[in-house]
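First the structure, in the form of structure tokens, and then the observations on it.
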Amino acid sequence: MAKNIIKLLLTAAILGTALYFGYAKYRKYADNPWTRDGQVRTQVIQVAPRVTGMVTKIYVKDNQKVKKGDLLFEIDPSQYKLKVKQAQARLQRTLEAAKGTKIEYERIKKIYEKDRGAVSQKDYVRSETNYFKSLADIDASTESLNTAKLNLAYTKVYAEVDGYVSNINFQIGTQATANKPLLALVDTSSFWVFGFFKEDTIPNVRVGDNAIVTLMAYPDTPLKGKVESIAWGISPSDGNPGSNLLPSVKPVFQWIRLAQRIPVRIKLDPLPENVKLRVGMTASVQILKHTHSQSVDKTHVY
């Protein structure tokens, strides 16, 4: 009899303990919004030349780390050097022509000031107009020269930020087109994480809340961060025009209502040395609403 009582008490204790931990775990995830649908993002710069020409030199390899100001590739500068020389020649001609115009204007002006009857008003106005026009020509020629020098400088393309170059699928001899991207530059200073939370949990999330991010690549190294912002909308999947301009509506099962996912942007704290972020990495995100839950239960992460 005593043995049966002990077994019952032991079973009740085990069951009670399991229920306690189960309830505690349920409260943990009920009180602290959590999602397995997270992704690492960063700014990706589409590097495009500002001038057109043939690529003559490439200074980087695919996935190479670069620093801001590093030379990435170079476009044939010969035609742009020629345009600089042509602009310099035009400016020189404009300056020489302006000298004669200025001398003529000053001569007529002196005569006109001494004796207005010696020079007609028409001739005086014409010389004055020619002089100011020559000054405008000098300004225009100077700007043309500056533009030519700027285009020559654009034949060398530099990294605008620290990061990694990616998708280098061109080679020496490729005809580069102005403003058409040739490679991507992944900015390593702007990583963040998007956690896509169910819409019914969004009211519990606030900007400034602490967050724990666990990457699938580093399950044993949770990252700390804060909620930086919450998206104000997502693109609707229903109602957009289809191929025949009629609304495209997906079928919905009446007994199932799927919650939409709202992006929550997480700003990460400084990373551990062993963690290397890459765009598109999968992450789990937990928002810490209560200070008694400051860790992630790894058994529920992945």
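For the sequence shown, the numbering used here begins at 602 and goes up steadily by one. We treat Cβ as the ideally placed atom computed from N, Cα and C, and that holds for glycine. Computed from a prediction, not measured in an experiment: that's the story for all the values here.
Shortest alpha-carbon distance to residue i belongs to which of the options?
{"i": "residue 764", "options": "685, 849, 877, 886", "result": "877"}
{"i": "residue 731", "options": "700, 868, 818", "result": "700"}
{"i": "residue 889", "options": "808, 837, 767, 860", "result": "808"}
{"i": "residue 777", "options": "710, 726, 649", "result": "649"}
{"i": "residue 707", "options": "837, 740, 726, 633", "result": "726"}
{"i": "residue 797", "options": "883, 680, 844", "result": "883"}
{"i": "residue 751", "options": "761, 681, 786", "result": "681"}
Please classify residue i: does DSSP put it in a helix, a strand, or coil?
{"i": "residue 832", "result": "coil"}
{"i": "residue 663", "result": "coil"}
{"i": "residue 768", "result": "coil"}
{"i": "residue 748", "result": "helix"}
{"i": "residue 862", "result": "strand"}
{"i": "residue 848", "result": "strand"}
{"i": "residue 819", "result": "strand"}
{"i": "residue 624", "result": "Legend: pLDDT at residue 624 = 49, less than 50; position of this residue unreliable, no value from coordinates given."}
{"i": "residue 887", "result": "strand"}
{"i": "residue 788", "result": "strand"}
{"i": "residue 755", "result": "coil"}
{"i": "residue 877", "result": "coil"}
Express the C-alpha separation of residue j and residue i in angstroms, rounding to a whole number.
{"i": "residue 652", "j": "residue 774", "result": "15 Å"}
{"i": "residue 870", "j": "residue 794", "result": "11 Å"}
{"i": "residue 847", "j": "residue 780", "result": "36 Å"}
{"i": "residue 692", "j": "residue 709", "result": "26 Å"}
{"i": "residue 643", "j": "residue 828", "result": "16 Å"}
{"i": "residue 663", "j": "residue 766", "result": "6 Å"}
{"i": "residue 887", "j": "residue 837", "result": "26 Å"}
{"i": "residue 826", "j": "residue 769", "result": "33 Å"}
{"i": "residue 624", "j": "residue 633", "result": "Bear in mind that a pLDDT of 49 at residue 624, under 50, signals an unreliable position, so the model cannot answer this."}
Is the distance from the Cβ of residue i to the Cβ of residue j below 7 Å?
{"i": "residue 688", "j": "residue 746", "result": "yes"}
{"i": "residue 702", "j": "residue 735", "result": "yes"}
Any idea if residue i is buried or exposed, counting beta-carbon neighbours within 10 angstroms, 16 or more meaning buried?
{"i": "residue 676", "result": "buried"}
{"i": "residue 852", "result": "exposed"}
{"i": "residue 850", "result": "exposed"}
{"i": "residue 815", "result": "buried"}
Within 7 Å (strictly less), CB to CB, does residue i reach chain B?
{"i": "residue 792", "result": "The structure shown contains no chain B; it is built from a single protein chain."}
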